[in-house]
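>
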Amino acid sequence: MITKISHIGIAVKNLDDAIEMYKKLGLEIESIEEVDSQKVKIAFILIGDVRIELLAPTSDNSPIAKYIEKKGEGIQHLAFAVDDLPAELIKAEGNGLRLIDKVPRKGAHKADIAFLHPKSTKGVLVELCKENH
Ligand code: ZN
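Put into structure tokens, the structure is as follows:
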């Protein structure tokens, strides 16, 4: 089952600029890491028990670079925390939702993640996330 909102993914052109902006709101960076498979550099901001995930491309052919090119900077995905990711994927697909990832993959923060296709989720790129921290 979905247990809470895990994080909100925000696409940014430049991670340092974005971090500066969030600092102006008085927020602190929890951690920064690079996910090579997705060609992104990610900064997490923890607010209560929900995170903001700032995603900046590290290459022009990063999926985030392509997203920004098409839609500009802004909210890119919504991640729900789940207790059992494989079971939730079977349930979602069984209920007619389209999966981008049929098999969970590793995301930032050692989480197991899978995306649902926004065409089947009312325009929102939904990530299901089994947090492992
Ligand atoms: Zn995410």
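Numbering (our numbering), first residue to last: 576 to 708.
Glycine included, each C-beta is placed from N, C-alpha and C at the ideal position.
Bear in mind that the values here come from a model prediction, so they are computed numbers and not experimental data.
1. Hey, would you say the C-beta of residue 605 is under 6 Å away from at least one heavy atom of ligand 1?
2. Between residue 711 and residue 635, what straight-line distance do the alpha-carbon atoms span, to the nearest angstrom?
3. Tell me residue 606's beta-bridge partners as DSSP assigns them.
4. What does residue 702 pair with, by DSSP beta-bridge criteria?
5. Taking 6 Å as the cut-off, is the CB of residue 654 close to at least one heavy atom of ligand 1?
6. Just checking, does the segment 648-656 make contact with the segment 665-676 on the three C-beta pairs under 8 Å criterion?
To lay it out plainly:
1. no
2. Nothing can be reported for residue 711: it is not among the residues displayed for the chain, which extend from 576 to 708.
3. 619
4. 654 and 690
5. yes
6. no
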